[in-house]
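Data block below; observations after.
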Amino acid sequence: MLDAARLRADFPLLQRQEHGRRLVYLDNAATTQKPQAVLDAILDYYRTTNANVHRGAYGLAIRATEAYEAARERVARFLNAWAPEGVVFTRGTTEAINLVAGAYGRANLRQGDMVVVTAMDHHSNLVPWQILCQEKGAVLRMVEITEDGRIDLSDYGQALERRPKIVAFPYVSNSLGTVNPAGQLIRLAHAVGAVVVVDGAQSTPHLRVDVQALDCDFYACSGHKMLGPMGSGALVAKPALLEAMPPYHGGGEMISKVWDDHSTYNKIPHKFEAGTPNVEGAVGLAAAIDYLERIGLEQIAEHEQALAKAAIERLSQIDGVVVYGPRGHRAGVVSFTYGDVHPHDIATILDQDGICIRAGHHCTQPLMRRLNVAATARASFYLYNSLEEVEALATSLVKAGALFGYVPA
Amino acid sequence: MDTSPPEPRLSALYQELILDHYRRPRNKGMLEHPTHAVSLNNPLCGDEIDLQLLVQDAVIRDVRFVGRGCSISQASASMMTQLLKEKSVPQALVLAGRISAMMQGDAAAATDKSLGELRALAGVSKFPVRIKCALLPWNALSDALKSSA
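In structure tokens form, the structure reads like this:
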């Protein structure tokens with residue numbers, strides 16, 4: 419396992435106390451804390467480099483543009499993108515998926531066509547497809563999950579028999595921690611001619627991702643879930659697909675020539691980056707990637723899996739606790755319920771002990787209906803979490819149970 | 208292992224009375240012929256309530272609810288239905304205002320006898336993110352009384 423105590427020292431916010439207690443931050447699937455290196459990179463950008471990109475003729479603007487494009491190359495290397503111009507900076511995963519639905523989907527989907535999603539998709543990889551299908555008169559097909567929270571491969575196969583045009587799924591489930599067999603799902607979808615969109619919000623921070631090895635068509639990710647700033651993120655795509663797509667947003671930067679009544683468009687990726695981009699976000703994201711690479715994605719994945727395993731074992735010992743999702747290989751996300759203690763009540767009680775967890779539907783309402791729960795409590799881990807924090811979680815949970823009349827385990 | 212007693216604010220929040228209403232909600236179910244019905248949910252946390260009222264001559268003769276959610280929202284709904292029976296519509300709206308004031312930390316509202324058992328929810332005012340839970344049924348009530356007279 420990683421030396422979490424040493425890594426924790428890199429994160430200023432984690433030095434703070436909450437309700438007079440040591441802060442135990444276990445909501446990393448929602449967002450992550452930022453190391454000093456990322457904060458420094460953002461501050462340094464504004465102190466030394468800030469100017470608008472891609473248009474200035476002066477040195478400062480050239481350096482800002484270089485910093486922005488260097489960040490793009492950093493993201494491309496990190497995910498083994500097909501080319502730097504296949505990396506479009508977005509506000510995050512949600513905007514990246516909306517871009518695919520709004521530009522690729524609107525241009526290529528016809529009435530009666532099918533889009534396949536899964537019952538474990540985050541609303542951000544579901545609602546854009548619902549909107550698209552409603553607009554086009556296309557069919558949205560939701561693939562079921564198994565009882566232990568994996569994509570039901572036989573149902574997936576049946577959905578593919580209808581030869582969908584687009585298949586979208588999460589690499590890692592934000593509610594269950596399931597690591598989906600992305601390579602296999604992509605091969606099967608390609609065999610029937612579908613274009614594949616992978617929601618990488620929960621995989622990019624926690625696993626080594628190689629988009630060329632996966633061979634997906636579109637891959638979406640968020641910077642803030644991987645130690646980077648909020649409002650940073652990327653769509654990584656096969657360049658030929660981006661070339662053929664119409665633009666998403668209109669405005670400055672995305673154009674080549676503008677006439678009174680029409681325009682021609684810039685080259686990729688700029689065609690999809692209308693307006694002044696989030697340069698600080700890109701620079702901060704690149705610094706976050708540097709930090710993650712120094713530790714090693716394989717080591718991070720191993721660390722989180724150990725924490726998840728310990729958490730599942732420890733929580734399962736508490737009478738009345740039910741843990742959802744696969745028992746075997748999974749990412750560092752542990753969703754659970756505790757008797758009739760509502761997850762919001764659990765979160766309030768844990769907060770008093772300085773422990774931050776998420777309670778609710780985790781933006782996966784169709785999944786919650788299938789689990790037959792209105793909400794779950796969710797602890798999600800990252801590189802700065804420790805086994806001691808797993809124990810603190812369990813201890814505080816027993817306290818919550820005692821308040822509701824459960825006998826401590 | 209940490210065996211310290213729960214801190215006072217938590218004990219004040221999760222009083223026996225609140226847990227009792229959470230586990231044995233009063234007036235749970237549906238009315239056969241409601242004059243007012245409204246469904247409300249909190250999209251942030253997913254708490255839900257269906258509230259039904261039977262109002263005759265501007266008096267609430269009966270009230271039922273079906274809901275899913277945390278102890279605070281469900282106990283608030285249960286206690287609300289008990290308090291509302293045989294109250295006039297204007298009286299009910301005044302009570303909704305008093306509850307709202309109590310959630311804002313109004314000490315006078317927190318000791319207002321007209322709120323009956325609902326005073327047990329006064330501790331919620333110390334937990335700002337939970338105020339919306341306590342007010343969900345009351346917002347449903349206001350919506351119902353405004354929607355169709």
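Chains as they are written, first to last, in our numbering: chain A, 419 to 827; chain B, 208 to 356.
C-beta: ideal position from N, C-alpha, C; glycine also.
Alpha-carbon to alpha-carbon, residue j and residue i
i	j	result
Gly276 (chain B)	Leu431 (chain A)	32 angstroms
Gly330 (chain B)	Leu444 (chain A)	26 angstroms
Ala792 (chain A)	Gly520 (chain A)	31 angstroms
Asp769 (chain A)	Gly438 (chain A)	11 angstroms
Asn684 (chain A)	Lys675 (chain A)	8 angstroms
Val585 (chain A)	Ala719 (chain A)	26 angstroms
Gly351 (chain B)	Val597 (chain A)	Here residue 351 (chain B) is Ala; the residue named in the question, Gly, does not match the sequence. Whole-angstrom Cα-Cα distance: 45 angstroms.
Gln417 (chain B)	Cys340 (chain B)	Only positions 208 to 356 of chain B appear in the structure, and residue 417 (chain B) is not among them; the question remains open.
Ser572 (chain A)	Ala282 (chain B)	44 angstroms
Thr210 (chain B)	Leu815 (chain A)	Reliability fails at Thr210 (chain B), whose pLDDT of 47 lies under 50, so the model's placement of it is uncertain and the value that follows must be treated cautiously. Cα to Cα, Thr210 (chain B) sits roughly 12 angstroms from Leu815 (chain A).
Gln433 (chain A)	Leu441 (chain A)	7 angstroms
Gly651 (chain A)	Ala455 (chain A)	18 angstroms
Leu606 (chain A)	Gly575 (chain A)	8 angstroms
Ile549 (chain A)	Gln529 (chain A)	13 angstroms
Gln735 (chain A)	Ala812 (chain A)	9 angstroms
Interface partners of residue i on chain B, CB under 8 angstroms
i	result
Ala793 (chain A)	Cys252, Gly253
Contact set for residue i: own chain, Cβ-Cβ below 6 angstroms, skip 5 residues either direction
i	result
Ile707 (chain A)	Arg492, Phe496
Ile664 (chain A)	The sequence shown places Pro at residue 664 (chain A), not Ile. Contacts found: Ala521, Ala525.
Thr467 (chain A)	Arg481, Ala482, Ala485
His228 (chain B)	Ala282, Ser285, Met286
Tyr800 (chain A)	Asn446, Thr450
Chain A residues whose Cβ lies nearer than 7 angstroms to that of residue i
i	result
Ser278 (chain B)	His760, Asp763
Phe334 (chain B)	Thr766
Leu217 (chain B)	Ile767, Gln770, Leu821
Arg337 (chain B)	Thr766
Glu214 (chain B)	Gln770
Own chain residues within Cβ distance below 8 angstroms of residue i, not counting five before or after
i	result
Asp635 (chain A)	Val613, Val614, Val615, Ala655, Lys656, Leu659
Val610 (chain A)	Leu578, Glu579, Arg581, Pro582
Arg216 (chain B)	Gly330, Lys333, Phe334
Span of the alpha helix (DSSP H) around residue i
i	result
Asn768 (chain A)	Sequence inspection shows Leu at residue 768 (chain A); the Asn mentioned does not correspond to that position. Per DSSP, Leu768 (chain A) belongs to the alpha helix (DSSP H) from 761-770.
Glu503 (chain A)	Neither: Glu503 (chain A) is in no alpha helix (DSSP H) and is coded neither H nor E.
Ala609 (chain A)	600-609
Tyr463 (chain A)	454-466
Tyr574 (chain A)	571-579
Tyr229 (chain B)	223-230
Same chain only: Cβ atoms within 7 angstroms of residue i, ignoring 5 sequence neighbours per side
i	result
Ile730 (chain A)	Val741, Val752
Met644 (chain A)	Thr450, Thr622, Pro623, Ala706, Leu710
Ser218 (chain B)	none
Gly323 (chain B)	Leu290
Pro546 (chain A)	Ile515, Asn516, Ala519
Lys689 (chain A)	Pro665, Met672, Tyr683
Element boundaries [beta strand (DSSP E), containing residue i]
i	result
Tyr742 (chain A)	739-742
Pro215 (chain B)	Not the beta strand (DSSP E): Pro215 (chain B) falls in the alpha helix (DSSP H), residues 215-220.
Phe272 (chain B)	266-275
Leu653 (chain A)	651-655
His243 (chain B)	243-248
Listed by chain order, chain B residues near residue i by CB distance under 9 angstroms
i	result
Gly778 (chain A)	Leu251, Cys252, Gly253
Chain E contact for residue i (CB, 8 angstroms cutoff)
i	result
Arg271 (chain B)	The structure shown has no chain E; the protein chains it does contain are A and B.
Distance cut-off 7 angstroms: residue i Cβ against heavy atoms of the ligand GDP
i	result
Phe334 (chain B)	Annotation note on the ligand GDP: not contained in the displayed structure, which lists no ligands.
Chain A residues whose Cβ lies nearer than 8 angstroms to that of residue i
i	result
Arg275 (chain B)	Ala792
Arg230 (chain B)	Asp758
Contact between the stretch 554-566 of chain A and the stretch 618-631 of chain A (3+ Cβ pairs under 8 angstroms): no
Contact the stretch 292-299 of chain B vs the stretch 256-271 of chain B: 3+ CB pairs below 8 angstroms: The stretch 292-299 of chain B, when compared against the stretch 256-271 of chain B, does touch it at the 8 angstroms Cβ threshold.
Contact the stretch 811-825 of chain A vs the stretch 758-772 of chain A: 3+ CB pairs below 8 angstroms: yes
Stretch pair the stretch 534-545 of chain A + the stretch 775-782 of chain A: three plus CB contacts closer than 8 angstroms: yes
Validate contact between the stretch 301-313 of chain B and the stretch 250-257 of chain B using beta carbons, cut 8 angstroms, 3 pairs: no
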